[in-house]
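Heads up, the thing below is written out as structure tokens.
Numbering (our numbering), first residue to last: 44 to 140.
Put into structure tokens, the structure is as follows:
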């Protein structure tokens, strides 16, 4: 099975030691390889398909930090919807000119 990539937002980190602690907690899970940047508050993980997002979040929260799946996918969906509405509005406005 191929690994999938997950981007997580991690809150509460204040130093490189914090990011290393989060990294270790994620890598304790079987099938997880992680890289954490405390400056951006982002953790990147390559995970086996059987590892769930909830397991990743629980591992981070167990070490005392907050975690959530990065909102970039949600943001991209919002941009796509906005673009569709803009194009549709422009097409419907042209005949009125």
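We treat Cβ as the ideally placed atom computed from N, Cα and C, and that holds for glycine.
Since the model is a prediction, treat every value here as computed from it, not as a measurement.
Sixteen is the threshold: when 16 or more other Cβ atoms of the shown chains lie within 10 Å of the Cβ of residue 88, as they do, the residue is buried. The segment 74-87 makes contact with the segment 44-63; the number of CB pairs closer than 8 Å reaches 3 or more. One thing to note: residue 110 has its Cβ no nearer than 8 Å to the Cβ of residue 68.
Take the alpha-carbon of residue 48 and the one of residue 126: they are about 27 Å apart. Under the criterion of beta carbons closer than 8 Å, residue 64 and residue 106 qualify as touching, at roughly 6 Å.
Residue environment for residue 129: exposed (fewer than 16 other C-beta atoms within 10 angstroms of its C-beta). Per DSSP, the unbroken beta strand (DSSP E) holding residue 50 starts and ends at 47-54.
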